[in-house]
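Participant:
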Amino acid sequence: MSKRIRNFLIIAAVLIVVGGVVSGIGFALGGMIPVSIGGGGIHVAGQGERNTVVDESFRNLSSVEINTDILELELRQGDAFRLEGTYDASAVTLDISESGGGLRIDSRSASSGFFGWNWGFGNFGFNTTVNKLVLTYPADTGFDSVSIKNDLGSLKIDGLSTKSLRAQLDAGYFKGSNISADTVDVDMNLGGCDITGLVVNNTTKFKMDAGSLNLIDSSLKDPDIKLNLGGFDYSGALNGSGRLTLDLGSLNLDLTNKEADLGYDIATDLGSINMNGRGLGSPVSTRSDTREATYLNIKCNLGSVDIDTK
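Residue numbering for the sequence shown follows the working numbering, beginning at 58 and increasing consecutively.
#1: Which residue from L312, L308, L319 and D318 puts its Cα closest to that of I330?
#2: Looking at the structure shown, is A224 part of a helix, part of a strand, or coil, going by DSSP?
#3: Relative to the C-alpha of G216, which candidate in K367, G299 and G135 has its C-alpha closest?
#4: Within this structure, are the beta carbons of N188 and E122 separated by less than 8 Å?
#5: Pull up the distance between the alpha-carbon of G199 and that of L118, whole angstroms please.
#6: Which class does D363 belong to by DSSP, given the choice of helix, strand or coil?
#7: Which partner residues of N333 appear in the DSSP bridge assignment?
#8: Using only alpha-carbon positions, find the residue among A267, A350, V256 and P195 that is nearest to R116.
#9: Quick one: grab the DSSP three-state call for E129.
#10: Taking three-plus beta-carbon pairs below 8 Å as touching, is the region 149-163 in contact with the region 217-233?
#11: So the beta strand (DSSP E) F263 belongs to, where does it begin and stop?
#12: Pull the bridge partners of N207 from the DSSP assignment, please.
#13: Which same chain residues end up closer than 6 Å to L255 when comparing Cβ atoms and leaving out the 5 residues on each side of it in sequence?
#14: Does the Cβ of G95 have 16 or more other Cβ atoms within 10 Å, making it buried, or fewer, making it exposed?
#15: Identify whether E155 lies in helix, strand or coil by the three-state DSSP scheme.
#16: For E113, does the three-state DSSP call read helix, strand or coil?
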């Protein structure tokens with residue numbers, strides 16, 4: 058089979074999978090909420106009464122747990138603890154509780170209407186501006202844990218310090234800046250992720266089924282990155298032992314590490330490997346002579362690997 062035919066079959070299969078995932082979102086929501094795919098991305102239409110929530114009663118929160126079916130979520134630094142948002146009361150239910158410094162937010166879809174598709178063109182993005190929550194906290198807040206599960210909707214984090222960050226998005230876009238944590242675990246089925254200034258002291262895990270990952274000006278410890286469909290662009294430092302696996306997509310690393318301090322084992326099935334502009338073969342497996350303090354195991358099935366070091 059020629060490479061051209063093979064690539065065509067892979068792309069066709071990917072499109073079928075992505076279409077199935079998007080359609081599955083509709084069935085998963087139980088035919089409850091109209092969804093349109095257009096120039097702005099996936100939009101969840103409001104159907105009824107608008108509710109507004111504002112809560113400034115929180116003090117010294119140490120943990121946050123959010124479980125939602127369909128919301129746009131934003132976490133950001135500010136002057137004080139504050140939760141505010143608006144949502145369609147006929148489309149979602151919202152429960153908020155706080156105990157012992159732990160904030161818990163649960164939101165579920167409410168059954169109403171029929172599921173309908175309005176097809177358009179444009180880039181896939183994900184926002185649910187009809188149903189949105191914003192959590193603000195003082196800039197000096199250090200959380201023990203932040204856990205977020207959102208089935209359909211975007212997540213934005215602007216400034217966060219926590220021991221543990223866990224985020225699971227079935228279909229949505231994750232945008233972040235200035236995030237520091239001891240451990241990070243992100244699991245996304247459909248959607249992209251862009252974070253600037255991510256600092257992880259212990260272990261880093263990203264798993265994405267369909268979507269590109271961009272981490273800029275960051276520092277990761279023991280990164281475990283797995284992307285089924287999408288590329289990975291990274292700039293900053295990588296420390297410890299890392300495993301980077303891409304099924305379909307290219308890998309670009311712009312590292313502050315010195316090449317002499319970097320150990321690696323790199324393999325591609327179909328794609329080139331370049332280190333500081335030097336071609337290392339295509340496809341090829343290559344391994345450094347010794348295991349250094351930073352060691353990367355890289356597997357890229359269909360796509361190129363480009364690494365630049367200090």
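Glycine residues also receive a C-beta, built at the ideal position from the N, C-alpha and C atoms.
Small disclaimer: the values here were computed from a predicted structure and weren't measured.
Facilitator: Straight from the coordinates:
#1: To locate residue 330, count along the sequence shown from 1; it is residue 273. Ranking L312, L308, L319 and D318 by Cα distance to I330 puts L308 first.
#2: Locating residue 224 in the sequence shown gives position 167, where the first residue counts as 1. Three-state result, A224: strand.
#3: Stepping through the sequence shown from its first residue, residue 216 is reached at position 159. The option with the nearest alpha carbon to G216 is G135.
#4: Indexing the sequence shown from 1 puts residue 188 at position 131. Indexing the sequence shown from 1 puts residue 122 at position 65. No, these two residues do not count as a Cβ contact at 8 Å.
#5: Counting from 1 along the sequence shown, the entry for residue 199 is found at position 142. Counting from 1 along the sequence shown, the entry for residue 118 is found at position 61. One C-alpha to the other measures close to 9 Å.
#6: As a first step, residue 363 is located in the sequence shown; it is residue number 306 there, counting from the start. In this structure, D363 counts as strand in the three-state DSSP scheme.
#7: Residue numbering aside, residue 333 sits at position 276 when the sequence shown is read from its first letter. DSSP, once it has assigned bridges, lists no residue as partnering N333.
#8: The residue you call residue 116 lines up with position 59 of the sequence shown. Of A267, A350, V256 and P195, the residue nearest in Cα terms is P195.
#9: Numbered from 1 along the sequence shown, position 72 holds the residue referred to as residue 129. Note: E129 maps to strand in three-state DSSP.
#10: no
#11: Working through the sequence shown from its first residue, we reach residue 263 at position 206. F263 -> beta strand (DSSP E) spans C250 to A267.
#12: Taking the first residue of the sequence shown as position 1, residue 207 is located at position 150. In the DSSP output, where bridge partners are listed per residue, N207 has T125 and L226.
#13: Your numbering for residue 255 matches position 198 in the sequence shown. Excluding residues within five positions, the ones whose Cβ falls inside 6 Å are I236, L272 and S275.
#14: Along the sequence shown, one-based indexing puts residue 95 at 38. Residue placement at G95 is poorly supported in this model, since its pLDDT is 33, which falls under 50; the coordinates still yield a value, given next. By the 10 Å Cβ count, G95 comes out exposed.
#15: Start at 1 with the first residue of the sequence shown, and residue 155 comes out as number 98. Residue state, collapsed to three classes: strand.
#16: Counting from 1 along the sequence shown, the entry for residue 113 is found at position 56. Three-state result, E113: coil.
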